[in-house]
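J.:
2 protein chains.
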Amino acid sequence: MSDMTTTITRTPTGSEAAAFRRGSGRSVDDRVLDQLHTWWRTANYLSVGQIYLLDNPLLRRPLTRDDVKPRLLGHWGTTPGLNFVYAHLNRVIQERDLDTLYVTGPGHGGPGMVANAYLDGTYSEVYPGISQTEDGVRKLFRQFSFPGGIPSHAAPETPGSIHEGGELGYALSHAYGAAFDNPGLLVAAVVGDGEAETGPLATSWHSNKFMDPLHDGVVLPILHLNGYKIANPTVLARIPEDELLALMRGYGHTPYVVSGGFDGEDPRAVHARMAATLDRVLDHIADIKEQAGAGTLDGRPAWPMIILRTPKGWTCPPEIDGKPAEGNWRAHQVPLANARDTEEHLHVLEGWLRSYRPEELFDDAGAPVALATALAPEGDRRMSANPVANGGLLKRDLVLPNFRDHAVEVPTHGGSVNESTRVLGEWLAEVVRLNPDSFRIFGPDETASNRLSAVLEVTDKQWDAEYLPSDEHLARAGRVMEMLSEHQCQGWLEGYLLTGRHGLFTSYEAFIHIVDSMLNQHAKWLKVSKTIPWRRPIASLNYLLSSHVWRQDHNGLSHQDPGFIDHVVNKKPDVVRVYLPFDANTLLSTYDHCLRSVDYVNVVVAGKQPTFNWLSMDEAIAHMTRGLGIFEWAGNELPGEEPDVVLACAGDVPTLETLAAVSILQDEVPDLRVRVVNVVDLMRLVSEGEHPHGLSDAEYDAVFTTDKPVVFAYHGYPWLIHRLTYRRHGHANLHVRGYKEEGTTTTPFDMVMLNDMDRFHLVIDVLDRVPGLGSRYAGLRQRMQDARVAARAYTRAHGEDAPDVADWTWTDGDTATHDATSVRSANVGVGAAAAASAATGGDNE
Amino acid sequence: MSDMTTTITRTPTGSEAAAFRRGSGRSVDDRVLDQLHTWWRTANYLSVGQIYLLDNPLLRRPLTRDDVKPRLLGHWGTTPGLNFVYAHLNRVIQERDLDTLYVTGPGHGGPGMVANAYLDGTYSEVYPGISQTEDGVRKLFRQFSFPGGIPSHAAPETPGSIHEGGELGYALSHAYGAAFDNPGLLVAAVVGDGEAETGPLATSWHSNKFMDPLHDGVVLPILHLNGYKIANPTVLARIPEDELLALMRGYGHTPYVVSGGFDGEDPRAVHARMAATLDRVLDHIADIKEQAGAGTLDGRPAWPMIILRTPKGWTCPPEIDGKPAEGNWRAHQVPLANARDTEEHLHVLEGWLRSYRPEELFDDAGAPVALATALAPEGDRRMSANPVANGGLLKRDLVLPNFRDHAVEVPTHGGSVNESTRVLGEWLAEVVRLNPDSFRIFGPDETASNRLSAVLEVTDKQWDAEYLPSDEHLARAGRVMEMLSEHQCQGWLEGYLLTGRHGLFTSYEAFIHIVDSMLNQHAKWLKVSKTIPWRRPIASLNYLLSSHVWRQDHNGLSHQDPGFIDHVVNKKPDVVRVYLPFDANTLLSTYDHCLRSVDYVNVVVAGKQPTFNWLSMDEAIAHMTRGLGIFEWAGNELPGEEPDVVLACAGDVPTLETLAAVSILQDEVPDLRVRVVNVVDLMRLVSEGEHPHGLSDAEYDAVFTTDKPVVFAYHGYPWLIHRLTYRRHGHANLHVRGYKEEGTTTTPFDMVMLNDMDRFHLVIDVLDRVPGLGSRYAGLRQRMQDARVAARAYTRAHGEDAPDVADWTWTDGDTATHDATSVRSANVGVGAAAAASAATGGDNE
């Protein structure tokens, strides 16, 4: 495989206006129709060949059973349509010098994508072993969906593709994500009519209300109605045409319809209609772009889209074994599934292959003839070679402001209080300012709710629908993208990252599960891309989950679920990272790291509520660099000796409760030697052989000891900590408190108590686990139980946490002064700060 | 709390035609307008009171700071709209004797739902402590979003609700699910304009193509445009009216628009318009239903829907602190967030509350006056008391055919081969036949692909869009629901179950993650419902995941993810079950159990590919009853002695590979005492204190031993087995093989080799773990390595598994005859059977 960077550079599209020009106005002549039809025939032949043939690739001898693959895998049904569109786009790219990305919703039409990349020459450039010779065609066919070869779907291995498409629904959101900030780019996005039934696709049509006609590119949706899914008709193919047109107009589009190929219609007639329609559509786009450039656009344009109706599996045999094939759901996958079993079936296959007249399509050496490739654009104008589809080639590092400049003052540990995400928001505002065309923030409606509002001081929320005078922070162009669809946010961001830009997605921890499956697909894409030399690293996919499980006072049980971390950790370790920063400075340091990273999925869970600042910036950086470490200032172990107990914590609320527990222990059990460990990079817990961030066993043992009790307060489901550490020494001594599915509450401490992760219960856990302590401190144990009962009773009576809980503060230094039931007047308690924060009205969610 | 069963019975709706009758044709008079407006004012007052008041509920003295809750939680913005619709539905229910279920997409409008249930009397019936007295109102207010009280959203605690609605997107799919097979039921479904932006909601409008106007009920969508989300305008409120109408027509609806309440318009005028529109809409519905009954419907009806535009937070103060409140996003949650902090704010709140004139709404005792409740229907015609919303009340057990009658012959263990799901399909066909109006099968497009096609011999796929002559198994009425949207399938099924019926959802294992978040919400609903005496158990939510991770030959990496099991296991243990049946008889036995169960989520993973039948039906029932057990016929341990090693397995492919490994071991290491354990009910592994299905430690030890090596071949991610067993004795000896994110392959055995879960590697695992064996059998170890290399090389050369692998069979009895590299001619190998199956063409996916 060659390195695409050495052969392909991006041809500039020039000014935005110049990128989209009107066509010649001439209709296509017979010569061009020949070119279109020949490209299409050749691509179809190459597609069928991939599905069926092991050998005899150009049919230069009669087909035999041994020429056919024993296991027939792949999807034919959508492929001729994808090839058809590809051919026609080639023509207009040549004529108008268009910079075009091809997004295929029906990614399972993999053979077509490979065939087109082969025809335009890209395939042989990136995979020199697959040359344009008969031997190259043989290898091209054999590798398809074959052990050790390439997948049957469009995949990272496929030049020109930015997504896999096996899981349907994201074609348009990926397309729009690619178009943002690419004003000269045309993204032609084929939507299958099966895919169109999915929820994510159904709402993604509304992306046009979030496009800026001036600064963003153009998405041209092509709704390809071939009428069938696996075994059923599709909804949009079976509603009256007026309903379908109304639907597309309702989505804000101007629909153009091309229909043909049915009842044996000559494909050349369909080519002529498609070419004429595409010319009208591109002229329409050029007009809109021109008006946008001139500032004469009157409101949101009704962008064109194409409805293309062609038969499913177009050009395969009309009937096989007496049952309809072409134009029927039976053509979805492998229409002739048993090609090797009888001579008759073998003849059907041979007849099908020969119907494309391969002898006219390839020269003696096996290379496609000139007529077959006449439509191929030059260089990176070829859709399979467009560097936009290999975004890492175009990615520039972000200009990042020094996050240290945004550090909060931490006079003593816990000696000040901030809303961490509000601090982060100020830094992010600078990131936005410094990277005006390569960084966006996506979220369902939570930028303000998550206290990132500083960002809106330097940019707006992009919006191309109606405005009212009372609107705030909405504009045609802006860096913040808010639509109440996690699918859209994720899909847009993926498309934006895959084409070489940067961003983050902020959402509720519980509802980020909505995109579990999308995360799967993206993580798999990253995993495979890392093994493909010509795929360049892209910016990481960064989550910021700020409305987290422990602070769902407004929303209760339905909003409590920390399992996204578990879901992510199931992915290949070298593409996932999970961070649990616990205060403003650690959050800043974490996010600086995330925005510099590539090819990861970074999950950052960090509360938006006021909380103590535990670490100065220098301490935060040192802690983040280690990923986990001992809070020496919080423990009281003696130099050179192991502690009696380790209190570990991960997450903001667990850290708070752990330190509160430590303060009680140091008051009440002053001779107990306590070590406090905080884990901010969860993957550090894993053994080093299993994750790149994993600690060595020696390092782990040095922190956690091998035989002392460890009481671990964890943000999420407790068993994840067990899972991550089960190969570690001392695992039997590890006792984890975390979230269990126990029920709703409406005050934060109630919630913590319900899960036995509160300070009082952590003290009890220590008493119960350090040998001999339980009997010596039976009275303390009882007082801790009483404190819990009292705290709960207070919430039931007053509707808020008891002051002794809410206003607890940490004091550095003299441990003897710790008193769990008195307010430390030296510092500001979190409770008071929360009340002050609520008064700002920024707490809507 | 009283038991709803004792107070509420369902009033029959009579014949389908009679259920929807045309109205009187008279417009509403002033008296009715008074009733509408007074209900609405009262419901609004009760809603605001819940959000704000701790005491002084009827404002019978001036409001003081202590009357106001210290923490203000809840969502006002959507609430007046929900109350408005509720009042108007009451009127038409009374007039037309309608059987009506109210589904609220904006479930966070919880105070409104509670207020209406209180007003119509239902609330005090199910919660007698909340009486219709001043003290009752005080308690009603205080409990709302208060520690120990009720959640801020509609919830299981809310009478009349079938869903929580905190996670938006599922209102319409739940509504349609409720309407299926309820021909006399009107489901009024409010869709918020925020919710309308979600993907699942955007596609759920198309549910009308899957409704049978004759045998199903009617869904009346009410798109409530209040214009704003948390901090943004909504898309559908900001597109031109003609686009919005086109969109609704494109979705196949007849839209009716009601708009009002803006710029201080008198609400009575809006009441008049809404009443008139609702009458037209219900007459339209009555006409459609009449035509359906008469058989005169011409194609799919364009069912009416209502677009209702009212101000967000309607009737709250127009401005608060100089910023717009009513009609603005600021009214989303608590418009006056700091009501206690100043006298001025307290006065704003008091003025707002008094604007409803509570002194006119409640009598001296504190009960709502007659005018306020005049619109309440009687008994179970009240929407909050409709037993459809407490589906367990209506649930009848399924009539289940004897699954033993569908048993496959198993002459010897592994002595026959079947596609398990095809066998299940024959039994399910009987289930369908015997339960013609209470059982449905839902799936994205996979009933045939998953080989349940026998079902289509007795029923059809329900479809109310256009038909073509070539269509098969489509009909206006049918028990199979196929739309390419996992969200829709899940939402429909949830709605169907929540209203007292039964069903199952069949899908791809990898893509069921699409509904992770929906599963969360449903599981939480079940968990809480179990604690509410008046909520009756509903049928379990049953999954059948047949295109599983190990058999993605067609699709590769993107279709490989067994993590749904992990996700489900994170839920509260008493609502989840995971089954891994490994052959036809165990699958039959499993599904019989699942369809009899209530209040669970049952995840059944069972392959559709041909595989050996390992157990006779008697053995299968015994094994399923235990949930896990020793395959005595497969091991060679001596009576009264523990084995040298335990080979455990869970899942169909792991079971096959484990038995193949055992056959090698028995041939090659005949003195090794092997025990084979199979786990079919995954929850049996958990300690009995943690899951109702958990084995006691003594039972676990008796099966797995406490100190022998256990080599466990598991269907999913291996760490789940560690997690489930980490408290067990002998956990340190447990070695799990399972799926890791390693990459795509295209033959089944390649896939198991890639994950080191193949027979040869399991043998190596045993050699490496039984003390002394590795050195004694170094030669065997090398041969196993060589066998793997050879097997992989064969796939690379031929594109299919090597015959010695594919055609391996098990032979009971004489262990000396086992030979891993020869074909057992006595039995049919899986490879041959798979080839035969492929030849049937039933393998499309």
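Chains A and B are the protein sequences, given in the same order. So the first sequence is numbered by full-length UniProt numbering: it starts at 1 and just counts up by one. So the second sequence is numbered by full-length UniProt numbering: it starts at 1 and just counts up by one. Just so it is clear, CB atoms sit at the ideal spot from N, CA and C, and this is done for glycine as well.
Relative to the alpha-carbon of Leu615(A), which residue among Val257(A), Ala188(A), Gly415(A) and Ala175(A) has its alpha-carbon at the smallest distance?
T.: Within the first sequence, numbered from 1, the residue matching residue 615(A) stands at position 615. When each option's Cα is compared against that of Leu615(A), the closest is Gly415(A).
J.: Give the DSSP-derived three-state secondary structure of Met483(A) in the structure shown.
T.: On the first sequence, position 483 is the one that residue 483(A) refers to. Coil at Met483(A), not helix or strand.
J.: On the DSSP bridge assignment, give the partners of Ser470(B) in chain order.
T.: As a working mapping, residue 470(B) is identified with position 470 in the second sequence. Answer is none; Ser470(B) lacks a bridge partner.
J.: Comparing alpha-carbon positions, which option in Tyr496(B), Thr64(B), Asp599(B) and Asn555(B) lies nearest Ile532(B)?
T.: Start at 1 with the first residue of the second sequence, and residue 532(B) comes out as number 532. Closest option to Ile532(B), Cα to Cα, is Asp599(B).
J.: In chain order, which beta strand (DSSP E) runs of at least 3 residues are fully inside the segment 711-747 of chain A?
T.: For the segment 711-747 of chain A, whole beta strand (DSSP E) runs of length 3 or above, ordered along the chain, are 734-737.
J.: So with CB distances below 7 Å, who are the chain B contacts of Tyr251(A)?
T.: Looking up residue 251(A) in the first sequence gives position 251. The answer, in chain order, is Leu247.
J.: Taking only beta-carbon positions, decide if Leu541(B) is within less than 7 Å of chain D.
T.: Among the protein chains in the structure shown, which are A and B, there is no chain D.
J.: State buried or exposed for Val432(B), treating a residue as buried only when at least 16 other CB atoms are found within 10 Å of its CB.
T.: Your numbering for residue 432(B) matches position 432 in the second sequence. Val432(B) is buried by the Cβ-count criterion.
J.: On a CA-only basis, which of Tyr543(B), Thr79(B), Val92(B) and His593(B) is nearest Gly313(B)? Give me that one, please.
T.: Position 313 of the second sequence, counted from the first residue, corresponds to residue 313(B). Ranking Tyr543(B), Thr79(B), Val92(B) and His593(B) by Cα distance to Gly313(B) puts Thr79(B) first.
J.: Given that a residue counts as buried once 16 or more other Cβ atoms are within 10 Å of its Cβ, and exposed if not, what is Asp242(A)?
T.: The residue given as residue 242(A) occupies position 242 in the first sequence. Exposed.
J.: Are Val711(A) and Leu647(A) close, meaning C-beta to C-beta below 7 Å?
T.: The sequence position of residue 711(A) within the first sequence is 711, counting from 1. The sequence position of residue 647(A) within the first sequence is 647, counting from 1. It is a contact, given that the beta carbons lie within the stated cut-off.
J.: Only counting runs of 4 or more residues, tell me where the alpha helix (DSSP H) segments fall wholly within the segment 49-116 of chain A, in order along the chain.
T.: If we require 4 residues or more, the alpha helix (DSSP H) runs fully inside the segment 49-116 of chain A come out as 79-96.
J.: To the nearest angstrom, how far is it from the Cα of Gln462(B) to the Cα of Arg723(A)?
T.: The sequence position of residue 462(B) within the second sequence is 462, counting from 1. The sequence position of residue 723(A) within the first sequence is 723, counting from 1. Each residue's Cα considered, the two are about 45 Å apart.
J.: Quick one: complete beta strand (DSSP E) runs, 3+ long, within the segment 318-372 of chain A?
T.: Those beta strand (DSSP E) runs which fall completely within the segment 318-372 of chain A and span 3+ residues do not exist here.
J.: Using three-state DSSP, classify Met305(B) as helix, strand or coil.
T.: Start at 1 with the first residue of the second sequence, and residue 305(B) comes out as number 305. Three-state DSSP puts Met305(B) in a strand.
J.: Along the chain, where does the alpha helix (DSSP H) containing Ser589(B) start, and where does it finish?
T.: Translated into positions along the second sequence, residue 589(B) becomes position 589. That run of the alpha helix (DSSP H) goes Ala584 to Arg596.
J.: Tell me the DSSP secondary structure of Pro255(B) in three-state form.
T.: Numbered from 1 along the second sequence, position 255 holds the residue referred to as residue 255(B). It is a strand residue.
J.: Does the separation of the CB atoms of Thr373(A) and Leu33(A) fall below 7 Å?
T.: Mapped onto the first sequence, residue 373(A) falls at position 373. Mapped onto the first sequence, residue 33(A) falls at position 33. Cβ distance not < 7 Å, so Thr373(A) and Leu33(A) don't count as in contact.
J.: With a threshold of 7 Å between beta carbons, is Val823(A) in contact with chain B?
T.: Here residue 823(A) corresponds to residue number 823 of the first sequence, with the count starting at 1. With a pLDDT of only 29 at Val823(A), under 50, the local geometry of the prediction cannot be trusted, and the value read off the model is given with reservation. No, no contact with chain B.
J.: In chain A, which residues lie with their C-beta within 8 Å of the C-beta of Phe511(B)?
T.: If you number the second sequence from 1, residue 511(B) lands on position 511. Within chain A, the residues near Phe511(B) are Glu167 and Ser517.
J.: Which parts of the segment 423-465 of chain B are runs of the beta strand (DSSP E), unbroken and 3 residues or longer, counting only runs that do not cross its ends?
T.: The qualifying runs are 439-443.
J.: To the nearest angstrom, report how far apart Ser822(A) and Gly730(B) are at their CA atoms.
T.: Position 822 of the first sequence, counting from 1, holds the residue named residue 822(A). Position 730 of the second sequence, counting from 1, holds the residue named residue 730(B). Because Ser822(A) carries a pLDDT of 32, less than 50, the predicted location of this residue cannot be relied on, and the following value inherits that uncertainty. Straight-line Cα distance between these residues: approximately 47 Å.
J.: Pull up the distance between the alpha-carbon of His406(A) and that of Phe612(A), whole angstroms please.
T.: Within the first sequence, the letter at position 406 stands for residue 406(A). Within the first sequence, the letter at position 612 stands for residue 612(A). Rounded to the nearest angstrom, the two C-alpha atoms are 16 Å apart.
J.: Does Ala365(A) pass the burial test, meaning 16 or more other C-beta atoms within 10 Å, or should it be called exposed?
T.: The sequence position of residue 365(A) within the first sequence is 365, counting from 1. Ala365(A) comes out exposed.
J.: Relative to the alpha-carbon of Thr499(A), which residue among Gly177(A), Pro57(A) and Val68(A) has its alpha-carbon at the smallest distance?
T.: Sequence index remark: in the first sequence, residue 499(A) carries index 499 (1-based). Closest option to Thr499(A), Cα to Cα, is Gly177(A).
J.: Using a Cβ-Cβ cut-off of 7 Å (strictly less than) and excluding sequence neighbours within five positions of residue 846(B), which residues of its own chain qualify?
T.: Residue coverage of chain B in this structure runs from 1 to 845, which leaves residue 846(B) outside it and unanswerable.
J.: Let me see if you follow: with CB-CB separation under 7 Å, is Gln552(A) close to chain B or not?
T.: Walking along the first sequence from the start, residue 552(A) turns up at place 552. No, Gln552(A) does not count as interfacial toward chain B.
J.: In three-state DSSP terms, what is Phe20(B)?
T.: Taking the second sequence and counting its residues from 1, one reaches residue 20(B) at position 20. Coil, per DSSP.
J.: Taking Asn226(A) as the reference, give the member of Leu101(A), Ala325(A) and Thr625(A) with the closest Cα.
T.: Along the first sequence, read from residue 1 onward, the residue named residue 226(A) stands at position 226. Of Leu101(A), Ala325(A) and Thr625(A), the residue nearest in Cα terms is Ala325(A).
J.: Could you give the residue range of the alpha helix (DSSP H) that holds Ala650(B)?
T.: For the purposes of this step, residue 650(B) is taken as residue 650 along the second sequence, with counting starting at 1. Here Ala650(B) belongs to no alpha helix (DSSP H); instead the beta strand (DSSP E) covers Val645 to Ala650.
J.: Just curious, the beta strand (DSSP E) that Asn386(B) is in, first and last residue?
T.: If you number the second sequence from 1, residue 386(B) lands on position 386. It is not in any beta strand (DSSP E) - Asn386(B) carries neither H nor E in the DSSP assignment.
J.: Taking Pro106(A) as the query, report the chain B residues whose CB atoms sit under 8 Å from its CB, ordered along the chain.
T.: Residue numbering aside, residue 106(A) sits at position 106 when the first sequence is read from its first letter. The contacting residues do not exist; Pro106(A) stays about 12 Å from chain B at best.
J.: If we define contact as Cβ-Cβ less than 7 Å, is Thr795(B) a contact residue for chain A?
T.: Here residue 795(B) refers to the residue found at position 795 of the second sequence. Chain A, which has a Cβ nearer than 7 Å to the Cβ of Thr795(B), makes this yes.
J.: In this structure, how does DSSP classify Thr795(A) when only helix, strand and coil are distinguished?
T.: In the first sequence, counting from the first residue as 1, residue 795(A) sits at position 795. Helix.
J.: Output needed for Val653(B): all residues of its chain with C-beta closer than 6 Å, excluding positions within five of it in sequence on either side, in chain order.
T.: Taking the second sequence and counting its residues from 1, the one referred to as residue 653(B) is at position 653. Counting only Cβ-Cβ distances below 6 Å, and skipping sequence neighbours, we find Trp550.
J.: What residue ranges within the segment 614-670 of chain B form continuous alpha helix (DSSP H) runs of no fewer than 4 residues, ordered along the chain?
T.: Correct list: 617-626 and 652-668.
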